[in-house]
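Read through the structure below, which is laid out as structure tokens, and then see the notes.
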């Protein structure tokens, strides 16, 4: 049984702060003592895990701050654009000298037209909507979706023919040791590049499903590597970050570019993941009445008669912003 | 010294003092340069964010080392790190696209499953630690703060108190890990 001083000495050794004499003595002792070697291995794993945790914490900080920066920048650009349009309108009025009765009416029409054009920054042709078809009966958990916090929403893009839940199961679920509530008859499908951006409890850091994944979740049943049909699947998971929310993890899914279609125009989908440390449930919000609308470069989630803007990079620390801008609301309503 | 290089030196000094906000200033100052670099190398706008983020992490880790000295302009330094990050990202993507899909069933990249598992279970235990302990351990082992600064940040009376607290936290963490695993499980 090791005493405190020995434990401290092992940490000092790993930190490189032992004197040369003590270091040599300890290394000699390590050669002969398996117990000491085991303790050293544990302490090394602890130090590495702390470093990894620190790195992910910094990554989380940067994601949040850089996202704020880019949002501020976009808002700033929008304000500049709006100011420019306003200046142009006023300048046009002044230059054309249309301040008389008729002139004013004409100008008003022009202003209306300008305003309409402003709206047409979001032309209907660019408003796309995606509704995925699933059998709600196959997804009994969906009833719970409406009570989930929209902050847990993440963006998921998959090829039109792919099945979200399967992708989730074959990539996210085994990695997360996540029992999935889903119908048995959903077949696995391939081609999704999965980018897990903030999972609190994922165990895998590798490029693709690893043996750890298989070992971690035998109950999940369909591990990608075991299924020829999903062998084409590429999984990319980033190192884990500490969950900022106790209940939710978030996942971004993107379709994989292929040689035929380097930039697949896959419709996005949305998934919510609710979970505790060892148990997650995936809810696919596209299965019933939830809808994602792509409007002027932003994805909006329509949920319970409200619209939420989905940021390009989700951030569970903040709830999704509810859309309150009447102009955008109107376009979103039209697009449904 | 020009304004720009003064600003660079200030940013470096702030990073060395442990100010993470200075990374955001780096982002503001050099966003255009990195965007141009990544897009020029064939990356996407999303890649710009990823590359920038990973570059900032690398910069933080390098500059937090006690022996770090900046031997070039900060922009040059950032550019070279971002270029490497971008090449790595694009190479990885290219490899992934060209790979025989069945290879996925045959080999595993990244940390070995055992190592990944070790890290994962220790991190779970780390998440069960109190915030104070987590903060002390991360400040020491990741951010590279010395005990004096850790003591200051956490209002301990002196560095020795911080050191002793750090050891208590490590002990507590080990205890959590050992509730489920023995030290010999880590001996592979």
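Chains as they are written, first to last, in my numbering: chain B, 35 to 370; chain E, 2 to 189. Note that beta-carbon positions come from the ideal geometry of N, C-alpha and C, so glycine has one too. For clarity, every value in this text was computed on a predicted model and none was experimentally measured.
- By the Cβ neighbour-count rule, residue 62/B is exposed, with fewer than 16 other Cβ atoms within 10 Å of its own.
- Between the C-alpha atoms of residue 94/B and residue 169/E there is a straight-line separation of about 27 Å.
- Residue 31/E carries a helical assignment under DSSP once its states are collapsed to helix, strand and coil.
- Listed along the chain, the chain E residues whose CB falls inside 8 Å of the CB of residue 81/B are 142.
- In summary, residue 73/B is buried, with 16 or more beta-carbon neighbours lying within 10 Å of its beta-carbon over all protein chains present.
- Linking residue 76/B to residue 166/E through their CA atoms gives a straight-line distance of about 20 Å.
- When C-alpha distances from residue 12/E are compared across 42/E, 53/E, 64/E and 45/E, the shortest belongs to 64/E.
- A straight line joining the alpha-carbon of residue 356/B with that of residue 46/E spans about 25 Å.
- In the three-state DSSP reduction, residue 356/B falls in the strand class (E or B).
- In this structure, residue 160/E keeps its C-beta atom at 9 Å or more from the C-beta atom of residue 172/E.
- Distance from the CA of residue 54/E to the CA of residue 125/E, rounded to the nearest whole angstrom, comes to 25 Å.
- Judged by DSSP secondary structure, residue 43/E falls outside any alpha helix (DSSP H); it is assigned neither H nor E.
- Around the beta carbon of residue 360/B, fewer than 16 other beta carbons sit within 10 angstroms, so the residue counts as exposed.
- Boundaries of the alpha helix (DSSP H) around residue 140/E: 132-142.
- For the region 41-53 of chain B, the beta-carbon criterion of a distance under 8 Å to any beta-carbon of chain E is satisfied by 41, 42 and 45.
- For residue 185/E, the residues of chain B that pass the 7 Å Cβ criterion are 72, in the order they occur in the chain.
- The criterion of a C-beta distance shorter than 9 Å is satisfied by residue 60/E and residue 27/E.
- Look at residue 182/E here: in three-state DSSP terms it is coil, with no helix or strand label.
- Listed along chain E, the residues sitting closer than 7 Å to residue 85/B by beta-carbon distance are 142 and 143.
- When C-alpha distances from residue 31/E are compared across 70/E, 50/E and 154/E, the shortest belongs to 50/E.
- Contacts between residue 21/E and chain B, judged by CB atoms closer than 9 Å, involve 92, 95, 96 and 99 in chain order.
- Counting only the Cα atoms, residue 154/E lies some 12 Å from residue 141/E.
- By the rule that beta-carbons nearer than 9 Å mark a contact, residue 31/E does not touch chain B.
- In this structure, 39/E is the residue among 96/E, 67/E and 39/E with its C-alpha nearest to the C-alpha of residue 79/E.
- For residue 75/B, the chain E residues whose C-beta falls within less than 8 Å of its own C-beta are 184, 187, 188 and 189, listed in chain order.
- When secondary structure is reduced to three states using DSSP, residue 64/E falls in the helix class.
- Here residue 187/E carries a helix assignment [DSSP, helix/strand/coil].
- Here residue 83/E is actually not in contact with residue 121/E; their C-beta atoms are around 30 Å apart, not less than 8 Å.
- A straight line joining the alpha-carbon of residue 20/E with that of residue 139/E spans about 15 Å.
- Residue 139/E belongs to the set of residues whose beta carbon lies under 9 Å from a beta carbon in chain B.
- Counting other Cβ atoms within 10 Å of its Cβ, residue 58/B stays below 16 and is therefore classed as exposed.
- Under the three-state reduction of DSSP, residue 158/E is assigned to coil, being neither helix nor strand.
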